[in-house]
Structure formats: C-alpha cells, structure tokens
Amino acid sequence: MSVLSDQVVSFTALVYLLAMISHAVEYALGNSRARAVAAPARELVGAAVGAGAVAVAERDATAPAVSGAERTARRAELAGRIGVGLTALGAALHLVGLVTRGLAADRMPWGNMYEFVLTVSFIGVAAWLVVLVKVPSLRRLGLFLTLVMVLLVATAELVLYTPIVPLVPALNSYWFIVHVSTIVFASGLFLLGVVPAAAYLMRAGYEQGKRSFPYTLAKRLPEAASLERLTFVLHAFSFPIFTFAVIAGAIWAEAAWGRPWGWDPKETWAFISWVVYAGYLHARATPSVKRNVAAWLAILGFLTVLMNLFGVNIFFEGLHSYGGL
Amino acid sequence: MTAVDERPAAPAEAPRRRPNPLLALARNSWRQLTSMRTALVLLFLLAVAAIPGSVLPQRGVNPEDVRDFFTAYPELAPWLDRIGAFEAFSSVWFSAIYLLLFTSLIGCITPRLVDHVRALRARPPAVPKRLGRLPQHAVVPAPDGGVAAIAETLRRRRWRVVVRGDEVSAEKGYLKETGNLIFHASMVLLLVGVALGSWYGWHGNRLLVAGADHVFCNTRQQYAEAKLGPRVGDDLPRFCMQLDEFDARFLPTGQPSFYNAKVTVDENGGAPRAAEFSVNSPLRLDGANVYLLGHGYAPVIRYTDRFGRSATSAVPFLSNGDIGLTSEGLAAFPDANVDPETGERNRDLQVAFDGLYLPTAPQQPPFTRSEHPTEQNPLLGLVAYRGNLGLDAGIPGSVYQLDQRQVRNGRLTEIGTKELRPGESWTLDDGSKVEFLGSESYIVLSVRYDPGTNLLLISSVGLVLGLMGSLFVRRRRVFVRLLPAGTVDPASGSPTSGSSLVEVGGLPRTEHPGFADEFAQLVAALRDDRPAVEAEAAPGAREGAE
Ligand code: HEM
Numbered sequence: 001m002s003v004l005s006d007q008v009v010s011f012t013a014l015v016y017l018l019a020m021i022s023h024a025v026e027y028a029l030g031n032s033r034a035r036a037v038a039a040p041a042r043e044l045v046g047a048a049v050g051a052g053a054v055a056v057a058e059r060d061a062t063a064p065a066v067s068g069a070e071r072t073a074r075r076a077e078l079a080g081r082i083g084v085g086l087t088a089l090g091a092a093l094h095l096v097g098l099v100t101r102g103l104a105a106d107r108m109p110w111g112n113m114y115e116f117v118l119t120v121s122f123i124g125v126a127a128w129l130v131v132l133v134k135v136p137s138l139r140r141l142g143l144f145l146t147l148v149m150v151l152l153v154a155t156a157e158l159v160l161y162t163p164i165v166p167l168v169p170a171l172n173s174y175w176f177i178v179h180v181s182t183i184v185f186a187s188g189l190f191l192l193g194v195v196p197a198a199a200y201l202m203r204a205g206y207e208q209g210k211r212s213f214p215y216t217l218a219k220r221l222p223e224a225a226s227l228e229r230l231t232f233v234l235h236a237f238s239f240p241i242f243t244f245a246v247i248a249g250a251i252w253a254e255a256a257w258g259r260p261w262g263w264d265p266k267e268t269w270a271f272i273s274w275v276v277y278a279g280y281l282h283a284r285a286t287p288s289v290k291r292n293v294a295a296w297l298a299i300l301g302f303l304t305v306l307m308n309l310f311g312v313n314i315f316f317e318g319l320h321s322y323g324g325l
Numbered sequence: 001m002t003a004v005d006e007r008p009a010a011p012a013e014a015p016r017r018r019p020n021p022l023l024a025l026a027r028n029s030w031r032q033l034t035s036m037r038t039a040l041v042l043l044f045l046l047a048v049a050a051i052p053g054s055v056l057p058q059r060g061v062n063p064e065d066v067r068d069f070f071t072a073y074p075e076l077a078p079w080l081d082r083i084g085a086f087e088a089f090s091s092v093w094f095s096a097i098y099l100l101l102f103t104s105l106i107g108c109i110t111p112r113l114v115d116h117v118r119a120l121r122a123r124p125p126a127v128p129k130r131l132g133r134l135p136q137h138a139v140v141p142a143p144d145g146g147v148a149a150i151a152e153t154l155r156r157r158r159w160r161v162v163v164r165g166d167e168v169s170a171e172k173g174y175l176k177e178t179g180n181l182i183f184h185a186s187m188v189l190l191l192v193g194v195a196l197g198s199w200y201g202w203h204g205n206r207l208l209v210a211g212a213d214h215v216f217c218n219t220r221q222q223y224a225e226a227k228l229g230p231r232v233g234d235d236l237p238r239f240c241m242q243l244d245e246f247d248a249r250f251l252p253t254g255q256p257s258f259y260n261a262k263v264t265v266d267e268n269g270g271a272p273r274a275a276e277f278s279v280n281s282p283l284r285l286d287g288a289n290v291y292l293l294g295h296g297y298a299p300v301i302r303y304t305d306r307f308g309r310s311a312t313s314a315v316p317f318l319s320n321g322d323i324g325l326t327s328e329g330l331a332a333f334p335d336a337n338v339d340p341e342t343g344e345r346n347r348d349l350q351v352a353f354d355g356l357y358l359p360t361a362p363q364q365p366p367f368t369r370s371e372h373p374t375e376q377n378p379l380l381g382l383v384a385y386r387g388n389l390g391l392d393a394g395i396p397g398s399v400y401q402l403d404q405r406q407v408r409n410g411r412l413t414e415i416g417t418k419e420l421r422p423g424e425s426w427t428l429d430d431g432s433k434v435e436f437l438g439s440e441s442y443i444v445l446s447v448r449y450d451p452g453t454n455l456l457l458i459s460s461v462g463l464v465l466g467l468m469g470s471l472f473v474r475r476r477r478v479f480v481r482l483l484p485a486g487t488v489d490p491a492s493g494s495p496t497s498g499s500s501l502v503e504v505g506g507l508p509r510t511e512h513p514g515f516a517d518e519f520a521q522l523v524a525a526l527r528d529d530r531p532a533v534e535a536e537a538a539p540g541a542r543e544g545a546e
C-alpha cells in the first residue's frame, strides 16, 4: 500500500506538470497577435463575475477576416479545458495517494512534513476546483496554480519524502486531529489565495498600462477587481479557520505540555502568520491603504506559512520537531 | 468597503478659544494612535518583533540552548542578553509594541462600541426620495396586504423593519459590527488572561522515581526548576504523590506508542487515592495540574564500604536523547567510609560511580548505545571514583554529573571500570563492593497552575465567533414604497394602471457580492407570486430571481 501511494504521488506530480503545460499552451495561444483582434467590449456585458463566457463568446462579433484568430482562440480554449481536466485528474490521483498513504500508516496522513505538504497542496487544488466551478472565468489562473502544485508535490517527493512511521504518544489526541486538519485546511486555502493575489498584482499593473515582463503575463487574466475580490473571499474564509486551528493547538498543548502557549518556534511562526493575515484584513478594510499593499500582505502571509511548513522544521529545534524530515 | 476608515474627524473646533497646544498635541497623538493605519503599522511591527524570538534560543523554551549560545558566541551573547533577546516575548520592545497596539485597539473600539449601541437602538432611516439611484432597484405589483404584508414578509426574514406611512425601511446584518466588536474585545480579554496567568500562576518541573521511598510533596524546594508568578504566595497547594507504576509501550522500532503513570495522591491531608494520567490527559488536582512529560530509568545501586556499611542510590539517569534511551547518571556516596568507631568522616574516601545505562545492550561490545527503550538486556557501565567529591565546596554542582574539576586537580581518582548486569556485583580494590540491583522507572513531571486558562478559553471562543460574524455577515438595507394605483410609475414614466405597485430599492452597506441575488429573491417574495410588471436590477439579479 505504501509503495502504491508513492507511485501514485509520482504520477500526480506528472499530471500536474502536464496540466501546467496545457495551461501554458492556452496562455501562449491566447497571447498571440490574434487575441488582440477578437477582444471587443462585448464579453464584459454579461460576464461581471458569474458568467462563464471567456473567449468563445465573441466569435460572431467580428468580421470574417478573423477566422485564423478564431481558430487560435478555439485551440487556446481547448488547451485550457484540457488543463482543467488534467488538474482534476491530478487532484483525483493526489487524493488516492493520500488515502493509500493513510491506510498504509493506519492513521491520518499528516504525521510528518512529507504528508503535511501533500495534504495542504491537495486542499489547495480541491479548493481551486471548487472556485473554478463557481467562477469559470478564472480559468487562466490555472497556469499559476498548477505551477505551485508541481513545485510543492515535487518538493514533497524529492526532498521531504519519509517512510511511514506511527505517531508519538503526544500526537494521539482528538485535539491533535482537529488542530492539524484545520491547520492543513486553512493552509491549503491560503496557498490558493496567493494565486489570485499575485495575479491581481500583475493584472492591476497591466491595467495601469505597464507592459514590462511580469505584467504582460497578466494580459489574458480576469479583471483585476475580480481577482482582488477572490483573494479577499479566500482569505476571509480561511482566516477564521486558521484562528480556530491555532486555538485548537493551544488546547491540545495545554493537555500535552501543560501550557497553552509557549513561544516554541512553530507557535511563534503561527503567531506571525496570524498577525500578518490580520494585517491583510485590516489593510483591505482601510480605503486609504492601497489594494496593492493588501495583496502584498497576503503574499507575505503565505511566505510566513511556508516558513512554518518548511523553515521551522529544518532550521529550528522545538517541541514540534517530530514533524520529521 | 463603505464602513470605516479613520473615524470622521471631530467637528471643527470652535475658533473662539485657542486650544491649549499641549492638549491639542495629546488629542492629535491619540487620534493618530487609534487610526487604522497605526494599527496596521503596529501589527506589522508585532510580526517582525516576533521573529528574533523564534531564531534565537529562548530561556522560557529551552534554557540549555541559551547556555550553549553563550558558549558559542561569548562576545555577542551578553550584548543580546542585555536587550532581552533571550526572553524576547517579555522584553521591553516586544511589550511596548503590543501594549501600544492594545491601547490603540481599546481607543479604536470604544467609540465604535458607543456608535454601535446607538445604531442598535436607532430605527432604520427613512426611505430615500429616488429609489432608482440605489444599486438595486425593482418595481413589482404590490401584494394584497399592502404595506403591512410587506413589513410582515421582511420581519419573517429577520429584517429590522420600520413602517412610515406608505413606506417601509428595513435593515439587516447588525451582527457584523457586533461580531467585530466581540472579536476585538475578546483580544483584550485574552491579554487579561495571559496577564493573570503570569502574575498568579506557577509551575515547576521535577523527576519522580517510582516507589514509596521517593514520595514527593508539593513545596517550592521539591522542584529542580520552578517559576512562580510575582503574586504567588509561598504556600503552594498541598498534595503528596507517589509513583506506583509506570507503563510505557514501544514499537519494535523503539518509537514510543503509549505512556501511562499510576500514582497515589493525597490532597490537603486527605485520604490517599489512586489516580493515573498520561501524555494527553493530565492529572487535574485542586489548584494544580500534573503533566507527564517524559520518563527514564533510575538504576538501583548498593554500595557497601570497607567498614561493611551499605547505602543504596536510585538516582534518575538522564537520557542522552537517542531512541534506545541510553542514559547517563551519577551514583554518589559522600557518606561512604565513615569510620564507625570514631564517626569521623574522611573526605578523601568518598565514592562515586559515573554510569552509563543501556536498557537493551547490544550482544557485542562496544556497549555504548542501547538498542531499544525497553529493558530487554539491561547493562550498567560504571566508572568508579574515590576521593573528594567536592560537594562541600559550596559551588553548586549538578547531582547528575561528576565535578570534573575535582578529577582534574587530582582530589578524585578513577579506580576502575566495570560492566554489570542486574544482580551482579563488583568488588573494588579496597574490598568495598558495589551491586547493581535493578532499576526503577522515573517520570518527568511538570506541575502547573494557571488561573488565566479559563479566561483564555472564553476569549478564544469569543474570538472565533466574533470573527465569523464580522467576516460573514453583511450589513444591508432595503426600502419599499407603495405606489397607489394611478400614480406615475417611476420606471416607465407612465401612470400605473389598475392595481398598485411597489418600488423596492436595496443598498448593501458593506461589500456584498451576493446582494443582487438576495435582493432579487426578496423582491420575488414581496411580489406575492404575481407576474412582474417590471423588475429592473443589475444583471445577476435577474438570474437569481427566475
Ligand atoms: C490586536 C491587534 C488587532 C488584531 C489582531 C485585529 C484583527 C482584526 C481582524 C482579523 C479583522 C477582520 C475582521 C473584518 O474584516 O471584519 C479586523 C477588523 C477590524 N479592525 Fe482590527 N485587529 C486589531 C487591532 C485593531 C485596532 C487597533 C483597530 C483600530 C484602529 C482595529 C480596527 C478594526 C476595524 C475598524 C475593523 C473592521 C474592518 C471592516 O470594516 O471590515 N483593529 N481586525
């Protein structure tokens, strides 16, 4: 079972890679000269947020001369759909990899860093698919998302891989399960939240007329305002979960170590993440603070989450170090 | 977000009197401090200030690491120590930031609390003249019951409703601000809880060896390491505890899977009772909780001196951290070789054994590492020393380690080494004898009292609930105006024929992407199932309504 899990995880990384390539093709086709012609204001009419029409809607709007462009557009559309399909396939494999890992270990698959990163990234991709069903027009973000997934799953496989071991007694607690599952869930959503935050920064720059390197990538991205809103919705959703997770951790730490909070490096970095995300929500709620600043805070927040996922286990020694490398 | 940035500046001051400049400065600073921007900056500073505490070793987390740091960086460490870097979270700079932040917080939420209480008491405002200007707008046939029915429908949907003549104003989502205030107030409460804990709480750590000879009674002196809050008196709660049995189970790999300690306790002089506790379920006593943090072995060593008098030591050996529980310790016999005739104590004939205990020794030498934490093949390696142990010199020494200075300056000499299995003995050169009788388990305990935990728990609940209210509830208003038959329909400009109509407007007061849908549903409900004459709203709304 354990071997099966490992193989499935390798496949997962591969499928994400393919999904990323499809999205990249979509991008490349979408960015070619042709797209510029076929982008009349028309698509904005119904598509404020909810409408699914991205590209094909304007087919009839322009003159016969654009048939070449139209074909490219259709190919881009196809590549994008394939990308989404592959992402979904990857997510399914990802889930199988996690479940088999959990079965092999006879416990929840989050006992060490390898499993932890796999679970967090699964939550991220699952939440992405949910978002995509609700707001299909965000599909082009898939390129960034799959890039993140490839990086995370590959790092988990190549750097963090750990054979299955059971949990130490301190981890045998309901509060531990509550704590870790919510932390994983919130981290997955934060991970997903970074994608629109970064995309927003690029797109906002593009809309302000910046045409240098990272901004040009944003040419075909959804409107800045809707990216920004998505960023907020994801963070507003995950922040309370994260808050709850930290509290659950404190309750567990009280039972296991005798103190709810002890400024162990992991706890300290959770505190830092929490404060940075609180800063994000404040910045977002303050009209005099630019939305760019808020988006940067969201990205910074995720960097602190990453620091906690990777950095703390690697650099520091603390009570949480059984995270195991 | 429409709601809050900086609170609106106070009405311009009357120009008659020149304000006292000091007062003005104070007022200005206060306004600065309680602004959202300041809160943001302070939040950011707080995050940054927490970093050193995770990078540098902390006394509260791991005092040994701090000592190691001092040895490694003798130049830098004292300097860092002076600015509190090894107790970062109680340092002046960290405290300054969070105290400022909380001052700002209190200064920020108090006026909001007042405003909110006022808003809760106030009635929704009058219907605006031109409903068509609101973000959501619709005109539909009036329900049969007229204004009363409309108000009823809204009330049923838990809107707060006011009817003024032919007009209905309704508002909903007060919980958003309530939640926000609860959230921020909970944070203040949380801080109070932390403060209570650090003033009135105490904790101590110690090892407890199994058996009636090692009963531990809760007094300050009984702790190897203790920390009492400044407001804790000298009397700790009275209880005594004896470890009867310690049960540890391990996997074949040596990974621990289960710990449980059975003890006998008596509290406040009451009758002894049996109790047990394990890693995730502490023993909760009156005024103290006892936590099980670890365990180990205390080899029982009997030494019979040259005069035939014996003494027994069961000192806990400390694990050196490997998975097989290889442990080191010292069995010291400072009172050995006292001449029974004269009663005179010869300092130079004190005896000590430096020991290495392997619960599961390998089959072959070298016997340096235990293979498993259970006692499958116990082996005790001893190095015997005789001479002056240096215990009287007044220099605090560790009971777990030999005073190496005494060895270096020749007052203490090594007289041999030997490996013993349980039951074996070793006769030294002077005819005295050491026996390894077996071992006792010991556990590592942390005994704690923290009067703030309940408050922490309550405020945490407030934190999460308040946050959910604050983030998920939306404040919004709906206005309805009844247009009697024959008036001019504001949408089409033509007089309403036959039946009467209602004009409905909706205003989200905070960002609310789903408002169009909600509004459409509400309008549909108000319309009382009759076909729409005109429903005009933002594009999304129509989908939601049909
Ligand atoms: C102890 C530090 C603080 C933390 C951790 C914190 C945290 C938060 C969080 C997480 C939110 C998001 C909830 C929401 O968006 O409704 C929030 C909202 C808010 N906070 Fe704070 N806060 C702190 C201090 C302050 C201070 C000092 C002020 C006043 C200057 C303040 C004023 C506000 C306001 C006005 C909102 C509502 C924003 C909105 O309309 O959505 N907070 N706070």
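If you're matching them up, the sequences are chains R and W in order. Numbered according to my numbering, the first sequence spans residues 1 to 325. Numbered according to my numbering, the second sequence spans residues 1 to 546. Every residue gets a Cβ at the ideal spot worked out from N, C-alpha and C, and that includes glycine. From a predicted model like this one, the values you see are computed outputs, not experimental measurements.
Neighbour-count burial assignment, residue i, 16 or more Cβ in a 10 Å radius
i: T378 (chain W); result: The question names Thr, but residue 378 (chain W) in the sequence shown is Pro. Buried: at least 16 other Cβ atoms inside 10 Å.
i: L141 (chain R); result: buried
i: W30 (chain W); result: exposed
i: K129 (chain W); result: exposed
i: T268 (chain R); result: buried
i: T453 (chain W); result: buried
i: K134 (chain R); result: exposed
i: A199 (chain R); result: buried
CB of residue i within 8 Å of CB of residue j, strictly
i: V246 (chain R); j: A278 (chain R); result: no
i: T231 (chain R); j: A295 (chain R); result: yes
i: V504 (chain W); j: V140 (chain W); result: yes
i: L445 (chain W); j: V290 (chain W); result: yes
i: L192 (chain R); j: W128 (chain R); result: yes
i: L95 (chain R); j: V15 (chain R); result: no
i: P340 (chain W); j: F307 (chain W); result: yes
i: S310 (chain W); j: I301 (chain W); result: no
Residues of its chain near residue i, where Cβ-Cβ distance is below 7 Å and the 5 sequence neighbours each way are ignored
i: L98 (chain R); result: P109, L118, T119, F122
i: E157 (chain R); result: V9, S10, A13
i: N260 (chain W); result: D247, E276, S278
i: S104 (chain W); result: L33, T34, T38, A39, L42
Coarse secondary structure for residue i, derived from DSSP in three states
i: L445 (chain W); result: strand
i: M241 (chain W); result: strand
i: Q406 (chain W); result: helix
i: R130 (chain W); result: coil
i: H512 (chain W); result: coil
i: H137 (chain W); result: strand
i: P299 (chain W); result: strand
i: Q350 (chain W); result: strand
i: I290 (chain R); result: The residue you asked about is not Ile; residue 290 (chain R) is Lys in the sequence shown. The answer is coil: DSSP assigns K290 (chain R) none of H, G, I, E or B.
i: L191 (chain W); result: helix
i: P272 (chain W); result: coil
i: E223 (chain R); result: coil
i: G506 (chain W); result: strand
i: T34 (chain W); result: coil
Chain-order list of residues whose beta-carbon lies under 8 Å from that of residue i (same chain, five-residue window excluded)
i: G324 (chain W); result: G254, L358, P359, T360, R369, S370, E371, H372, P373
i: M202 (chain R); result: P214, Y215, L217, A218, L221
i: R59 (chain W); result: V66, F86, E87
i: V162 (chain W); result: R123, P124, V168, S169, A170
Neighbourhood of residue i by C-beta, 6 Å cutoff - its chain only, sequence neighbours within 5 removed
i: R474 (chain W); result: G173, T510, H512
i: L154 (chain W); result: V161, A170
For this session: Go through the stretch 98-154 of chain R residue by residue and report every complete run of the alpha helix (DSSP H) that reaches 4 residues or more, in order.
Result: 113-134
For this session: Could you tell me which uninterrupted beta strand (DSSP E) segments, each at least 3 residues in length, are contained entirely in the stretch 319-396 of chain W, listed from first to last along the chain?
Result: 327-333, 350-358, 379-387
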